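For reference, the structure is listed below as structure tokens.
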Amino acid sequence: MPEISIEIDLAAPPERVWSVLTDFASYPEWNPYQSIEGKAEPLAIVRVSSRRLDGSAFPTARAGVWKFEPNVRLELLSGIPLWFTSTRFFHLSTLPGGTLLRHGARFSGIWAGWQFSHGHKIERLKPIYEAFQQALVLRLAGRRAPQPFSKNRHSRRASKARSK
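Number 171 marks the last residue of the sequence shown (the numbering used here); no jumps.
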């Protein structure tokens with residue numbers, strides 16, 4: 008089962024990290040790579056929209072809040088069982104003076120096994136998860152993450168034409 012997992016020590020208590028991770032409505036304010044529509048509660052259905060680092064969009068997915076243990080674990084499950092499923096996870100542990108956050112995704116199913124063994128490498132996702140991590144650190148510090156692709160190609164072309 009292909010998996011990507013990243014750990015980071017955060018200088019905030021688990022309750023603060025949890026409140027940021029589960030406030031889906033505020034994701035567009037701080038997270039330039041992902042938005043989630045819906046409520047963070049057990050067995051809720053949410054809508055997840057993600058972007059690559061170049062700004063292009065991944066397909067929007069419906070996900071279920073699969074595991075929900077306040078201040079400890081949040082997991083979102085999406086996909087078609089046996090064919091392709093993705094579990095996005097956030098696991099929090101208390102550290103002296105902060106929180107250890109382990110986050111990432113597990114992929115399973117026939118298509119996932121084939122996809123990640125034929126050209127798509129799980130390591131290609133690492134920059135996206137690291138960028139999410141950096142945006143989270145900035146949010147916890149009360150700062151806003153830079154918006155690397157706030158305009159689409161049409162508005163960039165129009166802006167370039169006006170400047171000539």
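For glycine and all other residues, C-beta sits at the position ideal for the given N, C-alpha and C.
In this text the structure is predicted, and so the values were computed from the model without any measurement.
Assigned exposure category for residue i - 16 Cβ within 10 Å defines buried
| i | result |
| --- | --- |
| SER124 | exposed |
| PHE139 | buried |
| PRO134 | exposed |
| ALA64 | exposed |
Beta-carbon contacts of residue i that lie in its chain and below 8 Å, excluding the five residues immediately before and after
| i | result |
| --- | --- |
| LEU17 | VAL24, GLY105, THR106, LEU107, LEU108, LEU143, VAL144, LEU147 |
| PRO88 | GLY116 |
| PRO35 | SER42 |
| GLU10 | GLY111, ALA112, ARG113, PHE114, ILE129 |
Close beta carbons around residue i, own chain, < 7 Å, minus the five adjacent residues each side
| i | result |
| --- | --- |
| PRO49 | VAL72, PHE75 |
| LEU28 | LEU81, PHE97 |
| GLY45 | PHE31, ALA51, ILE52, VAL53, ARG54 |
| ALA19 | GLY105, THR106, LEU147 |
Opening and closing residue of the alpha helix (DSSP H) in which residue i lies
| i | result |
| --- | --- |
| LYS133 | 133-147 |
| ARG69 | Counting along the chain, ARG69 falls outside any alpha helix (DSSP H), though it belongs to the beta strand (DSSP E) covering 68-76. |
| GLU36 | 34-37 |
| SER63 | First-last for SER63: undefined, no H or E at that position. |
Member of the options whose CA lies at the smallest distance from the CA of residue i
| i | options | result |
| --- | --- | --- |
| GLU82 | PHE91, PHE96, LEU102 | PHE96 |
| PRO103 | ILE11, PRO21, MET8 | PRO21 |
| PRO39 | PHE31, SER57, VAL53, LYS46 | SER57 |
| THR94 | ASN78, GLY111, THR101 | GLY111 |
| ALA51 | GLU14, GLN141, ARG69, GLY62 | ARG69 |
| VAL79 | SER85, ARG113, SER26 | SER26 |
| GLY86 | PRO66, LEU132, SER12 | PRO66 |
| MET8 | GLN122, PRO77, GLY149, THR101 | GLN122 |
Beta-carbon contacts of residue i that lie in its chain and below 6 Å, excluding the five residues immediately before and after
| i | result |
| --- | --- |
| SER162 | No answer about SER162 holds up, because its pLDDT of 49 lies below 50 and its placement is not dependable. |
| PHE91 | GLY116, TRP118, ALA119 |
| ARG59 | none |
Element boundaries [beta strand (DSSP E), containing residue i]
| i | result |
| --- | --- |
| ARG150 | Note, ARG150: premise wrong, no beta strand (DSSP E); not H, not E. |
| VAL55 | 52-57 |
| LEU17 | 10-17 |
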